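Chains as they are written, first to last, in UniProt numbering: chain G, 1 to 259; chain Z, 1 to 271.
Below you'll find the structure, written out as structure tokens, and then a few comments.
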């Protein structure tokens with residue numbers, strides 16, 4: 001690949017307790033690529049996202065962003081949709097979006113309108129002045145998505161972002177996210193346990209081995225874009241892709257349990 | 001549907017609260033009436049000679065407070081105690097919060113100072129009252145200083161605990177979006193401290209009032225502690241009880257004001 005946006009070459013990452021999370025992991029991500037990362041629990045998927053965000057130092061190998069090694073927090077370049085809630089509970093949905101606008105140095109006069117537009121986009125037009133405690137889990141995720149959109153980073157890291165939602169809410173929010181993504185095709189690293197979700201959303205899926213995680217296989221998803229979740233699931237290519245992915249991952253999960 | 005479901009229990013809760021208020025007032029009135037009757041009917045006289053001398057009575061206390069209010073002395077005393085308490089609370093809060101935020105900046109600093117704060121906190125600070133009267137004079141400065149010495153630790157400990165309880169994911173997210181230390185302080189740390197600081201404030205109110213009254217016992221020209229001490233010196237317990245009633249009113253009113261402020265500042269917690 002010529003000039004990948006994010007490039008990991010044989011990287012090793014250790015947890016603060018000395019345990020190796022990722023070992024000799026190699027992956028290139030091009031600008032605008034939607035890359036899924038799957039693997040057994042504890043194989044270092046989240047750790048890799050943390051490393052790309054600069055929240056976790058790399059112990060060995062070379063991890064670069066736009067050709068430069070990542071050292072320290074990758075400020076301003078990556079948006080991170082954490083597994084846990086990152087909203088400010090004392091701010092309304094709109095005020096949470098204001099924070100991103102303020103940090104992007106958008107003039108204060110434009111905040112209200114911009115936040116209103118963005119919340120409208122994620123389907124929360126009527127909930128701009130609600131506090132997070134007044135919103136459902138799915139709505140809170142949407143607010144976090146709105147904060148990401150307002151911040152507008154070149155790279156989006158997502159760590160099982162929709163894992164805690166019920167199946168229906170999840171499909172709807174995934175469709176919305178795909179639709180928004182099509183508008184500007186940001187680079188996305190998407191960690192998930194859900195293989196169907198990975199196939200529906202991603203261009204390629206990286207399968208990690210059991211602990212310590214390293215790259216086992218990269219699977220190209222042979223589905224067309226733009227697509228919706230249902231279109232993906234009923235595509236004739238879907239079952240075979242799922243089977244390949246599932247077989248590959250099952251072997252690794254089996255190894256985790258054997259330990 | 002939801003409207004009905006949310007309103008009905010709210011109305012019920014209010015009526016329960018109202019009933020509780022009636023009961024509270026009733027108990028108070030009953031207690032006072034019993035006290036008054038016991039003194040007037042001579043019931044107490046069977047137990048001790050000259051009961052008014054030992055126990056005073058609600059009417060005597062009310063009359064004294066009325067007299068002091070009319071001749072104007074009351075306001076001076078109340079103001080001395082109230083202002084010394086507020087100054088002590090305010091200064092103690094500012095110093096405690098600043099120290100807490102400072103300690104949170106580095107683990108090394110916190111490890112170094114932690115045993116010192118613990119030791120100082122465990123010390124009974126009211127023992128400092130005579131020393132403070134000597135150093136800061138018999139005006140309100142010595143009373144406020146004593147209050148500061150006590151409440152500063154409440155704020156320090158609550159600030160450190162509150163800062164530790166902040167959602168780390170939120171801080172990470174702000175850092176990724178390029179927030180400076182000051183912006184993180186303003187956007188995340190201070191707002192999430194509000195709840196903790198209100199806890200500290202309400203605990204501190206009683207402590208600060210205690211400190212000021214003890215300070216006034218030791219050396220003062222006025223204040224509610226002075227009224228109580230004066231009553232004791234004159235063998236007139238009515239003055240002592242009048243002082244206690246005034247302290248109760250100050251404490252209740254200040255606490256109510258704090259609750260209102262807390263209600264508005266923590267609206268986001270209620271769904």
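Glycine included, each C-beta is placed from N, C-alpha and C at the ideal position.
Keep in mind that this is a model prediction, so the values were computed, not measured.
- Can the beta-carbon of residue 148 of chain G be found less than 8 Å from the beta-carbon of residue 79 of chain G? As a working mapping, residue 148 of chain G is identified with position 148 in the first chain. As a working mapping, residue 79 of chain G is identified with position 79 in the first chain. Yes, Cβ-Cβ distance for residue 148 of chain G and residue 79 of chain G is below 8 Å.
- Message: Give the list of continuous alpha helix (DSSP H) stretches no shorter than 4 residues that lie fully inside the region 158 to 214 of chain G.
- Response: 167 to 184, 195 to 201
- Touching or not, the region 149 to 161 of chain G and the region 123 to 139 of chain G, by the rule of three or more beta carbon pairs under 8 Å? no
- What's the call for residue 234 of chain Z, buried or exposed, on a 16-neighbour Cβ count within 10 Å? As a first step, residue 234 of chain Z must be located in the second chain, where it is residue number 234. The residue in question, residue 234 of chain Z, is exposed, as its Cβ has fewer than 16 Cβ neighbours within 10 Å.
- residue 155 of chain G - partner residues in DSSP beta bridges: As a position in the first chain, residue 155 of chain G is number 155, starting the count at 1. DSSP, once it has assigned bridges, lists G:78, G:187 as partnering residue 155 of chain G.
- Item | Every unbroken alpha helix (DSSP H) inside the region 46 to 105 of chain G [4 residues or more] | 93 to 103
- Task: For the region 116 to 145 of chain G, enumerate the residues whose C-beta is nearer than 7 Å to any C-beta of chain Z, in chain order.
- Result: 131, 133, 134
- Does the beta-carbon of residue 90 of chain G have 16 or more other beta-carbons within 10 angstroms, so that it is buried, or is it exposed? Position 90 of the first chain, counted from the first residue, corresponds to residue 90 of chain G. By the neighbour-count rule (16 or more Cβ atoms within 10 Å), residue 90 of chain G is buried.
- Query: Beta-carbon of residue 158 of chain Z versus every beta-carbon of chain G: anything under 8 Å?
  - Reply: For the purposes of this step, residue 158 of chain Z is identified with residue 158 of the second chain, where counting begins at 1. False, the Cβ-Cβ gap to chain G never drops below 8 Å.
- Query: At a CB-CB cut-off below 8 Å, which residues of chain G make contact with residue 169 of chain Z?
  - Reply: In the second chain, the residue the question calls residue 169 of chain Z occupies position 169. The contacting residues are 82, 84, 85, 86.
- Can you pull the chain G residues whose beta carbon is under 9 Å from the beta carbon of residue 165 of chain Z, in chain order? In the second chain, counting from the first residue as 1, residue 165 of chain Z sits at position 165. The premise fails here: residue 165 of chain Z is roughly 12 Å from chain G at the closest Cβ pair, so nothing lies under 9 Å.
- Query: Quick one, are the C-beta atoms of residue 257 of chain G and residue 37 of chain G less than 8 Å apart?
  - Reply: Here residue 257 of chain G is taken as the residue at index 257 of the first chain, counted from 1. Here residue 37 of chain G is taken as the residue at index 37 of the first chain, counted from 1. Contact: no.
- Does the separation of the CB atoms of residue 140 of chain Z and residue 84 of chain Z fall below 8 Å? Here residue 140 of chain Z corresponds to residue number 140 of the second chain, with the count starting at 1. Here residue 84 of chain Z corresponds to residue number 84 of the second chain, with the count starting at 1. Cβ atoms of residue 140 of chain Z and residue 84 of chain Z: closer than 8 Å.
- Message: Determine, for residue 268 of chain Z, whether the minimum Cβ-Cβ distance to residues of chain G falls below 8 Å.
- Response: Within the second chain, the letter at position 268 stands for residue 268 of chain Z. At least one chain G Cβ lies under 8 Å of residue 268 of chain Z.
- Query: Quick one: is residue 260 of chain Z buried, meaning 16 or more other Cβ sit within 10 Å of its Cβ, or exposed?
  - Reply: Within the second chain, the letter at position 260 stands for residue 260 of chain Z. Classification of residue 260 of chain Z: exposed, given that the 10 Å Cβ count is below 16.
- Task: Could you name the residues of the same chain whose beta carbon sits closer than 6 Å to that of residue 54 of chain G, not counting the 5 residues immediately before and after it, in chain order?
- Result: Stepping through the first chain from its first residue, residue 54 of chain G is reached at position 54. 70, 72, 73, 74, listed in sequence order.
- Closer than 8 Å, Cβ to any Cβ of chain G: which residues of the region 180 to 211 of chain Z, in chain order? 183, 187, 188, 191, 192, 194
- Where DSSP assigns a beta bridge to residue 27 of chain G, which residues make up the other side? Residue mapping note: residue 27 of chain G aligns to position 27 of the first chain, counting from 1. Looking at the DSSP assignment, residue 27 of chain G forms a beta bridge with G:8.
- Message: Quick check on the burial criterion: 16 or more other C-beta atoms within 10 angstroms. Buried or exposed for residue 7 of chain Z?
- Response: Position 7 of the second chain, counted from the start, is the residue given in the question as residue 7 of chain Z. Its pLDDT being 48, under 50, residue 7 of chain Z is placed unreliably in this model, and the value from its coordinates should be taken loosely. Result: exposed.
- Short-range partners of chain Z found in the region 30 to 46 of chain G, where Cβ spacing is below 9 Å: none
- Item | Own chain, CB closer than 7 Å to residue 39 of chain Z, minus 5 neighbours either side, in chain order | What you label residue 39 of chain Z is simply residue 39 of the second chain in a count that begins at 1. Same-chain partners within the cutoff: 51, 52, 55, 57.
- Item | Bridge partners - residue 22 of chain G, DSSP secondary structure assignment | Looking up residue 22 of chain G in the first chain gives position 22. Residue 22 of chain G pairs with G:13, G:213.
- Query: What does a CB cutoff of less than 8 Å around residue 183 of chain Z pick up in its chain, not counting 5 residues either side in sequence?
  - Reply: Sequence index remark: in the second chain, residue 183 of chain Z carries index 183 (1-based). So the list reads 174, once near-sequence residues are dropped.
- Task: Indicate whether the contact test is met: 3 or more Cβ pairs, each with one atom in the region 9 to 19 of chain G and one in the region 171 to 184 of chain G, closer than 8 Å.
- Result: no
- Given that a residue counts as buried once 16 or more other Cβ atoms are within 10 Å of its Cβ, and exposed if not, what is residue 130 of chain Z? Within the second chain, the letter at position 130 stands for residue 130 of chain Z. Exposed is the call here.
- With 16 as the cutoff for other CB atoms within 10 Å, does residue 247 of chain Z come out buried or exposed? Here residue 247 of chain Z refers to the residue found at position 247 of the second chain. Buried, by the Cβ-count rule.
- Nearest chain G C-beta to residue 178 of chain Z closer than 8 Å, yes or no? Indexing the second chain from 1 puts residue 178 of chain Z at position 178. Cβ-Cβ to chain G under 8 Å: yes for residue 178 of chain Z.
- Query: Cβ atoms of residue 199 of chain Z and residue 167 of chain Z: under 8 Å apart, would you say?
  - Reply: By 1-based counting over the second chain, the position of residue 167 of chain Z is 167. By 1-based counting over the second chain, the position of residue 199 of chain Z is 199. Going by C-beta atoms, residue 167 of chain Z is not nearer than 8 Å to residue 199 of chain Z.
- Message: Among Z:107, Z:115, Z:142, Z:119, whose alpha-carbon lies nearest the alpha-carbon of residue 215 of chain Z?
- Response: Looking up residue 215 of chain Z in the second chain gives position 215. Residue 215 of chain Z has its Cα closest to that of Z:142, out of Z:107, Z:115, Z:142, Z:119.
- Message: I'd like to know whether the C-beta of residue 172 of chain Z is nearer than 8 Å to at least one C-beta of chain G.
- Response: In the second chain, the residue the question calls residue 172 of chain Z occupies position 172. Output row for residue 172 of chain Z: interface = yes.
- Under a three-way DSSP split, which group does residue 220 of chain G fall into? If you number the first chain from 1, residue 220 of chain G lands on position 220. DSSP places residue 220 of chain G in strand when its eight states are reduced to three.
- Ends of the alpha helix (DSSP H) at residue 245 of chain Z? Here residue 245 of chain Z corresponds to residue number 245 of the second chain, with the count starting at 1. Residue 245 of chain Z -> alpha helix (DSSP H) spans 237 to 265.
- Message: Check this for me: beta carbons of residue 177 of chain Z and residue 151 of chain G, under 8 Å apart or not?
- Response: Numbered from 1 along the second chain, position 177 holds the residue referred to as residue 177 of chain Z. Numbered from 1 along the first chain, position 151 holds the residue referred to as residue 151 of chain G. Result yes, Cβ atoms of residue 177 of chain Z and residue 151 of chain G sit closer than 8 Å.
- Query: Is residue 132 of chain Z helix, strand or coil when you go by DSSP?
  - Reply: Working through the second chain from its first residue, we reach residue 132 of chain Z at position 132. In this structure, residue 132 of chain Z counts as helix in the three-state DSSP scheme.
- Given that residue 143 of chain Z touches chain G, what residues does it touch there, using C-beta distances under 8 Å? Here residue 143 of chain Z refers to the residue found at position 143 when the second chain is read from its first residue. Simply none; closest approach about 35 Å.
- Task: Kindly indicate which residue of Z:243, Z:268, Z:26 has the alpha-carbon position closest to the one of residue 76 of chain Z.
- Result: Within the second chain, numbered from 1, the residue matching residue 76 of chain Z stands at position 76. That would be Z:243, whose Cα lies nearest to the Cα of residue 76 of chain Z.
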